[in-house]
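Numbering (my numbering), first residue to last: 12 to 444. Built from N, CA and C at the ideal position, the CB exists for glycine as well. Just so it is clear, the structure is predicted and the values come from calculations on it, not from any experiment.
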Ligand code: AMP
Ligand code: MG
């Protein structure tokens, strides 16, 4: 009775579902992973799993933003080009040093950038406008109180939360961690990914590709898609088209968080991945998504703690990559703690008409060009699910909705951007000087 209550009830497998239903199913099954503590230098690119409270005030003291002279602004109230005011320079404060004593009225101290402003002074005059004469300095203009002083705590106050969980640690965040003295941080773990290919026709790139054999490119393109997310995958090799070989390879990946199998997920006599997964205890959540390329994609999971999420991707090289984009990438990002799990989309106009049959959402490989403030999308050419050459030049995946049959030239469409750099003007110099 008790055991029955504890059994997790998975929903029954769904077939031929929509892309968005499949994506939602994947996200629902992909909770954020636990945390781990890393030296902050090793945490670049990771998602923070804790709030960071500053243990220090920054800057710790009022300090000078310039090389120049610290003094009391009221002493220069009458200064002008015709009425220079000379003050004795009574000591020097280097960065890392301290004023010898509080300044009194009618005195100046030589000060350098980053040095603490001595007590008694309320302003700093930059050296460029000062005439130094031995141990005196002449000033030819009044100065406002507080000029060129960086106030203690103007950046960060001790006890303040400076970074929230969920943020990605990049250069700015790592610099801040260093300055508040957090040399170890708690970040979200990286998923452990295992990857296998299957098919009797497949060889490794340096293998014998005569006699109808082909190179298993998926092993490399999918690993590269993982690496783009900062995730190294464990490559399990190529399974032969027998249930035994498929089982042996799948078993080798059961200790991972995500297991990706490419090919062998359709309904042919040599497609063993789905039945073997079920035999191993994997509950299949969907098979068949109304999309092109990628229809036979399969997704399943083991009971929590018992095994990985499993993606059975179609073998065709473009189908495998497109399915990775739509399902595996969001799962990985969700597990890694990202709030935005999907590719950015833009609106683009079509440079030419497109046609297809109604019934499946098509992801059309396109090149993107920016003319003035508008993106234009052009098909990369053949949309065959085996044509990697057209994936290699694709900058985006155009979403050709399921029900639509034609898109006219000039139509505004949605495009998932594969090259994030396209969204900015990364190639232009700063010209607004
Ligand atoms: P399958 O999903 O097993 O029916 O395979 C569909 C197509 O993808 C076939 O033409 C396979 O030769 C090809 N294919 C399967 N696996 C790979 C792979 N790892 N790399 C490149 N092509 C593959
Ligand atoms: Mg096959």
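Spatial neighbours of residue i within its chain, please: CB distance less than 6 Å, with the 5 preceding and 5 following residues excluded, ordered by chain position.
i	result
residue 123	78, 105, 106
residue 171	65
residue 227	208, 213, 249
residue 380	387
residue 419	364
residue 416	369
How many angstroms separate the CA atom of residue i from the CA atom of residue j?
i	j	result
residue 282	residue 311	16 Å
residue 30	residue 341	13 Å
residue 140	residue 154	11 Å
residue 350	residue 177	7 Å
residue 102	residue 93	27 Å
residue 356	residue 385	14 Å
residue 401	residue 389	12 Å
residue 430	residue 55	21 Å
residue 49	residue 197	6 Å
residue 265	residue 217	28 Å
residue 361	residue 289	44 Å
residue 203	residue 396	28 Å
residue 215	residue 230	9 Å
residue 314	residue 263	17 Å
residue 179	residue 199	10 Å
Would the beta-carbon of residue i fall within 8 Å of that of residue j?
i	j	result
residue 405	residue 371	no
residue 120	residue 80	yes
residue 163	residue 68	yes
residue 273	residue 223	no
residue 261	residue 287	yes
residue 51	residue 247	no
residue 374	residue 319	no
residue 348	residue 60	yes
residue 174	residue 58	no
residue 95	residue 114	no
residue 240	residue 151	no
residue 211	residue 251	yes
residue 408	residue 336	yes
residue 193	residue 131	no
residue 86	residue 117	yes
Report yes if the C-beta of residue i is less than 7 Å from at least one heavy atom of ligand 1; otherwise report no.
i	result
residue 314	no
residue 274	yes
residue 327	yes
residue 271	no
residue 227	yes
residue 213	yes
residue 277	yes
residue 217	no
residue 299	no
residue 397	yes
residue 256	no
residue 244	no
residue 230	yes
Go ahead and pull the three-state DSSP assignment for residue i.
i	result
residue 139	helix
residue 15	Reliability of the predicted coordinates at residue 15 is poor, the pLDDT of 45 falling under 50, and the value obtained from them is presented with this limitation in mind. Reduced to three states, the DSSP call for residue 15 is helix.
residue 77	coil
residue 384	coil
residue 237	helix
residue 186	helix
residue 420	coil
residue 272	strand
residue 26	strand
residue 49	strand
residue 302	strand
residue 311	strand
residue 124	coil
residue 154	coil
Near residue i, which residues of its chain fall below 7 Å by C-beta distance, leaving aside the five closest residues on each side in sequence?
i	result
residue 338	33, 34, 37, 308, 310, 322
residue 27	299, 301
residue 71	163
residue 12	Because the pLDDT of residue 12 is 39, which lies under 50, any placement of that residue in the model is unreliable, and the number read from its coordinates should be weighed accordingly. Excluding positions up to five away in sequence, the list is empty.
residue 399	228, 328, 329
residue 190	69
residue 157	133, 134
Leaving out five residues on either side along the sequence, give the residues of the same chain with a beta carbon under 8 Å from the beta carbon of residue i.
i	result
residue 125	74, 75, 106, 107
residue 159	75, 76, 77, 79, 134, 135, 136, 137
residue 14	Reliability of the predicted coordinates at residue 14 is poor, the pLDDT of 41 falling under 50, and the value obtained from them is presented with this limitation in mind. Closer than 8 Å at the Cβ level, and outside the excluded window around residue 14, lies no residue.
residue 253	283
residue 426	356, 357, 358, 359, 377, 379, 386, 388, 407, 408, 409, 410
Quick one: does the C-beta of residue i sit closer than 7 Å to a heavy atom of ligand 2?
i	result
residue 166	no
residue 260	no
residue 210	yes
residue 281	yes
residue 6	Past the edges of the chain, shown from 12 to 444, lies residue 6, and the structure says nothing about it.
residue 252	yes
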